Amino acid sequence: MAGTPQRVALSSELLLTIERLGKDFGNFTAVQEVSLTVRRGELKAIIGPNGAGKTTLFNMLSGQLKPSRGRTVYRGEDITAAPAHVLAHCGIGRSFQITTVFRGLSVLENVRIAVQSLRHRHYDFMSRAHALDLTRERAGQVLDNIGLTEYRDAPAASLSHGDQRRLEIGIVLATDPELLLLDEPTAGMSREEAIATMELLRRIAEDRTVLFVEHNMEFVMGIAQTIVVMQSGTVIAEGSPAEIRADPQVRRAYLGNLYE
Ligand SMILES: Nc1ncnc2c1ncn2[C@@H]1O[C@H](COP(=O)(O)OP(=O)(O)OP(=O)(O)O)[C@@H](O)[C@H]1O
Ligand SMILES: [Mg+2]
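Residue numbers (my numbering): 5 to 264.
What follows is the structure, given as structure tokens:
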């Protein structure tokens with residue numbers, strides 16, 4: 005059936021394998037050909053200049069865009085053609101570069117809706133009251149985890165920008181994903197907010213796999229185990245933070261004089 009993941013050979017360590025994935029918009033190639041792997045438990049960053057194709061790659065991985073070529077295998081299943089809602093049910097959670105909280109709803113409601121979105125089917129087998137209790141409990145745990153419990157009843161719009169970004173991470177966590185795809189989690193944050201978010205991401209990565217796009221190099225170098233560098237729709241380097249800092253091509257393409 006179209007859109008249903010098909011089973012292929014299972015690998016015990018690799019959670020995600022991206023094989024020569026590409027995306028064209030008309031005559032324009034946003035992602036030429038990207039191949040990379042993500043191991044279970046890995047905390048991996050994707051960096052690169054504006055327009056390198058990072059968000060387009062995420063859009064393909066989370067089912068917002070259909071790839072023009074290539075293949076994605078997740079937990080041994082070919083998910084290349086799977087739509088976003090199927091991927092969410094498979095354990096791939098995604099946040100966006102632009103803040104996407106429901107501004108008029110409370111902080112708790114934002115998380116509660118996310119919990120419910122994926123739990124609905126299980127909860128059909130329980131009493132309504134029990135399902136509601138479980139949803140609230142889970143939403144409360146997520147708010148504790150992201151440090152927003154004191155604002156639970158406040159409208160999301162009243163939060164600072166940094167707290168709204170943390171709420172977005174909470175919304176992703178609420179769906180209990182195995183793999184989180186976070187697009188610029190610290191975009192627009194103050195340095196203090198970015199440091200707090202780095203701590204949060206570290207904690208999340210203790211029991212989940214995280215692939216994130218980020219321009220804040222202090223954040224990337226301080227937290228990522230591996231860094232993938234994209235430029236003009238391709239991967240130009242991959243390595244540890246120390247290797248990436250020392251790579252002449254990466255310095256030319258992106259890091260410039262940051263690490264003289
Ligand atoms: N829907 C679309 N239609 C046409 N072109 C697009 C579309 N989406 C992205 N592009 C183009 O594809 C290229 C890659 O964009 P993308 O958003 O993936 O870059 P990025 O690496 O995320 O950049 P940034 O760091 O600025 O977020 C850009 O030139 C962009 O203008
Ligand atoms: Mg982007």
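Just so it is clear, CB atoms sit at the ideal spot from N, CA and C, and this is done for glycine as well. Given the structure is predicted, the values throughout are model-derived calculations rather than measurements.
Are there 16 or more other CB atoms within 10 angstroms of the CB of T196, so buried, or fewer, so exposed? Within the sequence shown, numbered from 1, the residue matching residue 196 stands at position 192. At residue 196 the sequence reads Glu, which differs from the Thr that was named. E196 comes out exposed.
Can you round the beta-carbon distance between F100 and D187 to whole angstroms, since I take them to be within the 8 Å contact cut? Here residue 100 refers to the residue found at position 96 of the sequence shown. Here residue 187 refers to the residue found at position 183 of the sequence shown. Their Cβ separation, rounded to whole angstroms, is 6 Å, which keeps F100 and D187 in contact under 8 Å.
Only counting runs of 4 or more residues, tell me where the alpha helix (DSSP H) segments fall wholly within the region 44–91, in order along the chain. 58–65
So L183 is in the beta strand (DSSP E); what residue range does that whole segment cover? If you number the sequence shown from 1, residue 183 lands on position 179. It spans 183–187 - the beta strand (DSSP E) in which L183 sits, taken as one unbroken run.
Take the Cβ of E141 as the centre, count every other Cβ of all protein chains shown within 10 Å, and call the residue buried at 16 or more, exposed below. Here residue 141 is taken as the residue at index 137 of the sequence shown, counted from 1. By the 10 Å Cβ count, E141 comes out exposed.
When DSSP builds the beta bridges, which residues end up paired with E203? Translated into the one-based positions of the sequence shown, residue 203 becomes position 199. Looking at the DSSP assignment, E203 forms no beta bridge with any residue, so it has no partner.
Just list the residues that DSSP pairs F216 with in beta bridges. Mapped onto the sequence shown, residue 216 falls at position 212. Answer by DSSP bridge pairing, in chain order: A49, L186.
For R206, which residues in the same chain have their Cβ closer than 7 Å to its Cβ, ignoring the five residues on either side in sequence? Residue 206 sits at position 202 when you count from the first residue of the sequence shown. Closer than 7 Å at Cβ, skipping near neighbours: I227.
Are the Cβ atoms of V217 and I83 separated by less than 8 Å? Start at 1 with the first residue of the sequence shown, and residue 217 comes out as number 213. Start at 1 with the first residue of the sequence shown, and residue 83 comes out as number 79. No.
Span separating the alpha-carbon of F32 from that of D148: Within the sequence shown, residue 32 is the residue found at index 28, counting from 1. Within the sequence shown, residue 148 is the residue found at index 144, counting from 1. Using only the alpha carbons, I get a separation of about 44 Å.
Nearest CA to the CA of G151: which residue from E203, A85, V254? Locating residue 151 in the sequence shown gives position 147, counting from the first residue. If we check each option's Cα against that of G151, E203 comes out closest.
Sequence-distant residues of the same chain with beta carbon closer than 6 Å to L122, five excluded per side: The residue you call residue 122 lines up with position 118 of the sequence shown. Here the set comprises T179.
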